[in-house]
Amino acid sequence: MEWEYAPAPESSAIADIKDRYLPFIDGTFKEGNGEDRDTINPGTGERLSTVSTVSAADIDRAVNAARRAYQSVWSQLPGAERGKYLFRIARGIAERSRELAVVETLDNGKPIKETRDFDVPAAAQHFFYHAGWADKLQHLGLGPAPQPLGVAGQVIPWNFPLLMAAWKIAPALAAGNTVVIKPAETTPLSILVLAEVIADADLPPGVVNILTGAGDVGSTLVNHPGIDKVAFTGSTAVGRRIQRELAGTGRKITLELGGKGANIVFDDAAQDQAVEGIINGIFFNQGQVCCAGSRLLVQESIADEFVERLKQRVETLRVGDPMDKNTDVGAINSKAQLGRITALMKAGIAEGAELWSSSCPLPKNGFYLSPSIFTNATPSMRVAREEIFGPVLTTMTFRTPDEAVTKANNSPYGLSAGVWTEKGSRAMGMAAALRSGVIWDNTFNRFDPTASFGGYKESGFGREGGPSGLAAYLDTDDEVVR
Amino acid sequence: MSHLAVSKTYKLFIGGAFPRSESGRTYQARDSHGNFMANAALASRKDLRDAVVAARKGYAAWSKATAYNRGQVIYRMAEMLQSRKAEFVELIMLSHGTSTKIATTEVDASIDRLVHYAGWTDKLAAILGSSNPVSSPYFSYSTPEPTGVVGVLAPADSPLLGLISVIAPVITGGNACVVVAAEEDPCVAITLAEVAGNSDVPPGVIDILTGKMAELAPHLAAHADVNALDLTGAGAQLREHLEQAAAETVKRVYVPRGIPDFAAAPGTARLRAFLEIKTVWHPTGALSLSGGTSY
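As they're listed, the protein sequences go chains P and H.
If you number the first sequence the way the working numbering does, the last residue is 496 and the count never jumps.
If you number the second sequence the way the working numbering does, the last residue is 675 and the count never jumps.
Now the structure itself:
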């Protein structure tokens, strides 16, 4: 029986995409002095809009504006007042949520049902949660009056453009810092709509500054002498470089880097539920998630049956137009990213892993990839070690819980892991044994502003969300020095 | 006829044993007048690598020990230090030329510092962890866990109190440490190793190397199986190089903002520097045990 879905496209008119977007510095949208950049709609491969980018002098202006705002306004405000601004921003995001979801999907390529049901509401909730902390910092257990650090320089990736902006801006402001933030060059639009929300909330000029441009802008920003704190989310390679460049500066750093999350399925797992969780773990946001469950570890006794079930379910995923409300897997964010993913897939085939891909039809234009699964992989293969950052799952097997732990922990990364078992004690035991910052037991890819998120080992340090996320934006060094 | 004293051979402390440096090298520890005190082992890069292997093994046992057990073991160290108080007072007076009063104050403060941290082990989770009220049907909690193997560069100015003040917070959280002792103070450091060796601290949890900090520290900072660094004992110029090396494996690095006053009450910064926060999500499901009954 054929079950065809009629197209159910969201209207792109809701986004009201402008022909040109400007950086947001010192409370106003001004032409930057860098080269213009087009931003592409990954769903079609066509130009979506043009963005004015910043020069080194613009970066100076933004950092100076943030410093001025920190000294003259933001650090002088009572916490309760800071909180009220953040509450306003939370409300503003919620009020423009449909527009923001469409902007995000057009600029990023992720399915509209994800931006609508996850990215945008989670961003609003993040501001709401942190708003409440602004006048309660003395209850964090970090002393009677924790102090902000000053000006935070922040660089965010393209996989969750609006949500990452919220993760960075909300805690920084709640703790009393001001912000200079740079979105990724392929996804600058949603944060510039957020800038409108921020301006409409009457946030004092200079408290949040948004710089557009590519990696060189980010590099200049994090190395700028006027910055007191650096927060970066992105690749481990760039994170390493930032840590190296900032050596000796005493500047507080938060790094949220790559991952190669293990998703471990035991023979007693509820298999249908596990199949759904594995799919969410690797195909959510086309697998372009730092905490993706990209290594499937299945207990040997059920491996053949389980992988077969998994393939059958993946076969039913609808891949295509991100704007269609029925779409499960949308577009890869850029042509360059698609190239990186397929290069690693070729390496996997060359090393002897067996590749299976869904037979779903792909749109002619835009950047698409069929959901794919590698079997017969070994832990030494590149597809088992390196972050693919795409809809590609690498499958391996294990026999005992100890072997599962050893294999899962055998990675320089340590961001996320999943455990699928009906046995509660085993789930809790595994959660303790896995060396990762987030453990999902019988679920995957759950996020909440109240629950801190961040990595072990080379997945970075510092936390976002929860009380420990606020600590990243406060002076917490309580050692007495002479 | 007076008794001819048996002088101690100061060796390294690796994996709970006291080996000589595999290199066969030694250097001379001098007292405050510049007179010969003892020969100390001049640790090599190979010794350091052995110490990291031992620390990784020690970490496996120590991180699994209960918080109560870790607290008792650290308290036991305080007991052992107390019983050897006179020996440490004498050593500090000899090596630093300080008065009995100052040396005694330092040893007393060191004993108290261990007692302070012994009481921390079973409170970290309550202070630094949380139950997270997530807006979905999950029980979510965040809890501190040890970072792993920590490389510690011990400070030079405070031979016993400084050494204990950098080691104790690291092991309190469940980490293991490879300590590079202050170059001028190998005798105090190795005597403290004897205290650790008699306190049920599992082998490898504390490993102490004596020798040249400038020679050993870069290898510690670059070692891929070291998860974090405490640079307290490194000079400003050395620090920058070590931080650069540490970045290659994204190590956590603790750098004091000045010269720590170890006589002051310790805060929690040193504890927090070597702890990771892990968040766990566990479904609560749609199952309602109250059966939808309203009360």
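Beta carbons: idealized from backbone N, C-alpha and C, even for Gly.
Note that this is a predicted model, so its numbers are computed, not measured.
Can you list, in chain order, the residues of its chain with a C-beta nearer than 6 Å to that of residue i? Leave out the 5 residues immediately preceding and following it.
{"i": "Val117 of chain P", "result": "Ala29, Leu203, Ser204 and Val207"}
{"i": "Ala573 of chain H", "result": "Phe393 and Ile588"}
{"i": "Ser674 of chain H", "result": "For Ser674 of chain H, the predicted model reports a pLDDT of 47, less than 50, meaning its position is unreliable and no value from the coordinates is stated."}
{"i": "Leu474 of chain H", "result": "Asp411"}
{"i": "Phe381 of chain P", "result": "Pro56, Ala345, Ile346, Lys349 and Leu352"}
{"i": "Ile363 of chain P", "result": "Leu369"}
{"i": "Ala317 of chain P", "result": "Thr411"}
{"i": "Gly48 of chain P", "result": "Thr67, Val68, Ser69 and Gly227"}
{"i": "Ala361 of chain P", "result": "Arg396"}
Spell out the partners DSSP gives residue i in its beta bridges.
{"i": "Glu60 of chain P", "result": "P:Asn55"}
{"i": "Ser371 of chain P", "result": "P:Ser386"}
{"i": "Ile588 of chain H", "result": "H:Phe393 and H:Val559"}
{"i": "Lys243 of chain P", "result": "P:Ala166 and P:Lys266"}
{"i": "Tyr407 of chain H", "result": "H:Ala420"}
{"i": "Glu478 of chain P", "result": "P:Phe467"}
{"i": "Tyr35 of chain P", "result": "P:Val65"}
{"i": "Ile482 of chain H", "result": "Note: Ile482 of chain H sits in no beta bridge, so no partner."}
{"i": "Gln161 of chain P", "result": "P:Asp489"}
{"i": "Phe174 of chain P", "result": "None, per the DSSP bridge assignment."}
{"i": "Ala343 of chain P", "result": "It should be noted that the sequence gives Val, not Ala, for residue 343 of chain P. Val343 of chain P is bridged to P:Val333."}
Near residue i, what residues of its chain come up, given a Cβ to Cβ distance below 7 Å and the 5 sequence neighbours on each side ignored?
{"i": "Asn423 of chain P", "result": "Leu448 and Arg449"}
{"i": "Val77 of chain P", "result": "Val165, Val194, His238, Gly240 and Ile241"}
{"i": "Gly672 of chain H", "result": "Because the pLDDT at Gly672 of chain H is just 49, under 50, the model does not fix this residue reliably, and the point stays unresolved."}
{"i": "Glu564 of chain H", "result": "Ala536"}
{"i": "Phe458 of chain P", "result": "Asn277, Gly291, Asn294, Gly295, Gly307 and Gly432"}
{"i": "Phe101 of chain P", "result": "Phe142 and Ala145"}
{"i": "Ile39 of chain P", "result": "Asp72, Arg75, Ala76, Ala79 and Asn223"}
{"i": "Ser401 of chain H", "result": "Leu392, Ala421, Leu422, Ala423, Ser424 and Asp427"}
{"i": "Thr478 of chain H", "result": "Ile472"}
{"i": "Pro582 of chain H", "result": "Gly438, Ala441 and Trp442"}
{"i": "Val432 of chain H", "result": "Val529, Val558, His603, Asp605 and Val606"}
{"i": "Gln552 of chain P", "result": "The structure shown has nothing for residue 552 of chain P, since chain P only spans 15 to 496."}
Alpha helix (DSSP H) containing residue i: first to last residue?
{"i": "Lys444 of chain H", "result": "Arg425 to Lys444"}
{"i": "Gly8 of chain P", "result": "Here chain P comprises residues numbered 15 to 496, so residue 8 of chain P is not present and cannot be evaluated."}
{"i": "Arg105 of chain P", "result": "Gly93 to Glu109"}
{"i": "Lys658 of chain H", "result": "That residue, Lys658 of chain H, is in no alpha helix (DSSP H); its beta strand (DSSP E) goes Leu655 to Pro663."}
{"i": "Gly438 of chain P", "result": "Gly438 to Ala447"}
{"i": "Val431 of chain P", "result": "Contrary to the premise, residue 431 of chain P reads as Ala rather than Val in this sequence. That residue, Ala431 of chain P, is in no alpha helix (DSSP H); its beta strand (DSSP E) goes Ser430 to Trp434."}
{"i": "Ile256 of chain P", "result": "Thr250 to Glu259"}
{"i": "Ser233 of chain P", "result": "Gly229 to Val236"}
{"i": "Lys421 of chain P", "result": "Pro415 to Asn423"}
{"i": "Lys465 of chain H", "result": "Lys465 to His476"}
How close, in whole Å, do the beta carbons of residue i and residue j come, if the pair is a contact with beta carbons under 8 Å?
{"i": "Asp455 of chain P", "j": "Val419 of chain P", "result": "14 Å between Cβ atoms; not a contact."}
{"i": "Leu533 of chain H", "j": "Glu486 of chain H", "result": "Contact doesn't hold; Cβ gap of about 20 Å is too wide."}
{"i": "Pro162 of chain P", "j": "Ala179 of chain P", "result": "In fact, because the Cβ distance is near 19 Å, the residues do not count as touching under 8 Å."}
{"i": "Pro185 of chain P", "j": "Trp88 of chain P", "result": "Pro185 of chain P to Trp88 of chain P, Cβ: 14 Å. No contact."}
{"i": "Arg637 of chain H", "j": "Gly264 of chain P", "result": "7 Å"}
{"i": "Ala562 of chain H", "j": "Arg493 of chain H", "result": "About 17 Å; that fails the 8 Å criterion."}
{"i": "Gln465 of chain P", "j": "Ser522 of chain H", "result": "The question names Gln, but residue 465 of chain P is Ala in the sequence shown. Right, their Cβ atoms sit about 6 Å apart."}
{"i": "Gly694 of chain H", "j": "Ala498 of chain H", "result": "Outside the displayed range of chain H (381 to 675) lies residue 694 of chain H, so it cannot be described from this structure."}
{"i": "Gly97 of chain P", "j": "Asp149 of chain P", "result": "5 Å"}
{"i": "Pro526 of chain H", "j": "Leu655 of chain H", "result": "7 Å"}
{"i": "Lys421 of chain P", "j": "Leu311 of chain P", "result": "6 Å"}
{"i": "Gly451 of chain P", "j": "Phe467 of chain P", "result": "7 Å"}
{"i": "Ala502 of chain P", "j": "Leu177 of chain P", "result": "Shown here, chain P extends from 15 to 496; a query on residue 502 of chain P therefore has no answer."}
{"i": "Pro197 of chain P", "j": "Thr247 of chain P", "result": "The Cβ separation is near 11 Å, so there is no contact."}
{"i": "Val630 of chain H", "j": "Leu269 of chain P", "result": "7 Å"}
Suppose the cutoff is 8 Å on Cβ atoms and the five residues either side in sequence are ignored; what does the same chain contact list for residue i look like?
{"i": "Asn419 of chain H", "result": "Thr389, Tyr390, Thr406, Tyr407, Gln408 and Ala409"}
{"i": "Ala625 of chain H", "result": "Pro598, Ala601 and Ala602"}
{"i": "Thr234 of chain P", "result": "Ala70 and Ile73"}
Along the chain, where does the beta strand (DSSP E) containing residue i start, and where does it finish?
{"i": "Met410 of chain P", "result": "Val406 to Phe412"}
{"i": "Val222 of chain P", "result": "Val222 to Ile224"}
{"i": "Trp454 of chain P", "result": "Val452 to Asp455"}
{"i": "Val279 of chain P", "result": "Ala276 to Val279"}
Return the chain-ordered ranges of every alpha helix (DSSP H) run that is complete within the region 61-87 of chain P and spans a minimum of 4 residues. 70-83
Segments of 3+ residues assigned as beta strand (DSSP E) that fall wholly inside the region 184-220 of chain P: 192-196
In chain order, which beta strand (DSSP E) runs of at least 3 residues are fully inside the region 485-571 of chain H? 510-512, 518-526, 529-533 and 556-560
Ignoring anything shorter than 4 residues or poking outside the region 284-318 of chain P, list the alpha helix (DSSP H) runs there in chain order. 285-297
Give, in chain order, every unbroken run of the beta strand (DSSP E) that is at least 3 residues long and sits entirely within the region 593-634 of chain H. 608-610 and 632-634
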